[in-house]
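Student: Residues 10 to 152 in our numbering are what the sequence shown lists, from first letter to last. Idealized CB from N, CA, C, for every residue including glycine. I am attaching a structure below and will ask some questions about it afterwards.
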Amino acid sequence: MRHHALQIPAGWMVRQNHFYDITPAEALDGDWLGFPFSQDILQLHNDHLRMLLDLGWYPDGDPDGHFRLILIQWDAPPNHSAMPKQTITEVRNGIEYTYVLQPLLVGDPWSHPLVDVSSKDPYEIVTQINDTLAKAADGELGS
Numbered sequence: 010m011r012h013h014a015l016q017i018p019a020g021w022m023v024r025q026n027h028f029y030d031i032t033p034a035e036a037l038d039g040d041w042l043g044f045p046f047s048q049d050i051l052q053l054h055n056d057h058l059r060m061l062l063d064l065g066w067y068p069d070g071d072p073d074g075h076f077r078l079i080l081i082q083w084d085a086p087p088n089h090s091a092m093p094k095q096t097i098t099e100v101r102n103g104i105e106y107t108y109v110l111q112p113l114l115v116g117d118p119w120s121h122p123l124v125d126v127s128s129k130d131p132y133e134i135v136t137q138i139n140d141t142l143a144k145a146a147d148g149e150l151g152s
């Protein structure tokens, strides 16, 4: 099974690629073990541009679904520095309580994507991916 041919500019890293050159109709008609369309099809990231491109099929595994292509940009890279104390455990009245320190999320980039495109046509999605990556590389998207 072949992947779709994508024009990925320098600087983009492929985290996951299950974007195969097959239509949903072909998958249903063929001898496939399951339906190969899920929410986790393709993910590319570019740390320099602080961008992530994500492609999924929604609803997951539903032959009547559609592709959804999203491009997000984050404000700052994740902070991987160690926190002084990760958890607090205390016992009150014989019951042990554990509190876990969670990082503060400021401005969820998934709630305001730079690009959000839906289509049932995989070839339209290929064009959208190539156009989106080219525009991002040329500085036409994001900040």
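Exposed or buried, residue 148, counting other C-beta atoms within 10 Å across all chains shown (16 or more means buried)?
Tutor: Counting from one through the sequence shown, the residue named residue 148 turns up at place 139. Label assigned to residue 148: exposed.
Student: Helix, strand or coil for residue 99, going by three-state DSSP, please let me know.
Tutor: The count along the sequence shown starts at 1 and reaches residue 99 at position 90. In this structure, residue 99 counts as strand in the three-state DSSP scheme.
Student: Quick one: residues in its chain with C-beta nearer than 6 Å to the C-beta of residue 83, no 5 flanking neighbours on either side, listed in chain order?
Tutor: Sequence index remark: in the sequence shown, residue 83 carries index 74 (1-based). Same-chain partners within the cutoff: 59, 118.
Student: In whole angstroms, what is the alpha-carbon distance linking residue 152 and residue 27?
Tutor: In the sequence shown, the residue the question calls residue 152 occupies position 143. In the sequence shown, the residue the question calls residue 27 occupies position 18. Between residue 152 and residue 27, the C-alpha separation is close to 29 Å.
Student: Looking only at C-alpha atoms, which of 55, 56, 80 sits nearest to residue 65?
Tutor: In the sequence shown, counting from the first residue as 1, residue 65 sits at position 56. Answer by Cα proximity: 80.
Student: So what's residue 127 in DSSP terms, helix, strand or just coil?
Tutor: By one-based count along the sequence shown, residue 127 stands at place 118. Residue 127: strand per DSSP, three-state reduction.
Student: Bridge partners of residue 105, per DSSP?
Tutor: In the sequence shown, counting from the first residue as 1, residue 105 sits at position 96. Answer by DSSP bridge pairing, in chain order: 100.
Student: Sort 34, 14, 54, 36 by Cα distance to residue 146 and report the nearest one.
Tutor: As a position in the sequence shown, residue 146 is number 137, starting the count at 1. Residue 146 has its Cα closest to that of 54, out of 34, 14, 54, 36.
Student: Looking at the unbroken beta strand (DSSP E) that takes in residue 37, where does it start and where does it end?
Tutor: On the sequence shown, position 28 is the one that residue 37 refers to. First-last for residue 37: 33-38, but that is the alpha helix (DSSP H), not the beta strand (DSSP E).
Student: Let me know if residue 92 comes out buried or exposed under the rule of 16 or more other beta-carbons within 10 Å of its beta-carbon.
Tutor: Here residue 92 corresponds to residue number 83 of the sequence shown, with the count starting at 1. Note on residue 92: pLDDT 49, under 50, position unreliable in the model; the coordinate value appears next. Exposed.
Student: Which whole-angstrom value describes the C-beta separation of residue 52 and residue 67, a residue pair presumed to lie in contact below a C-beta threshold of 8 Å?
Tutor: By one-based count along the sequence shown, residue 52 stands at place 43. By one-based count along the sequence shown, residue 67 stands at place 58. Not quite, the Cβ-Cβ distance comes to about 15 Å (not below 8 Å), so this is no contact.
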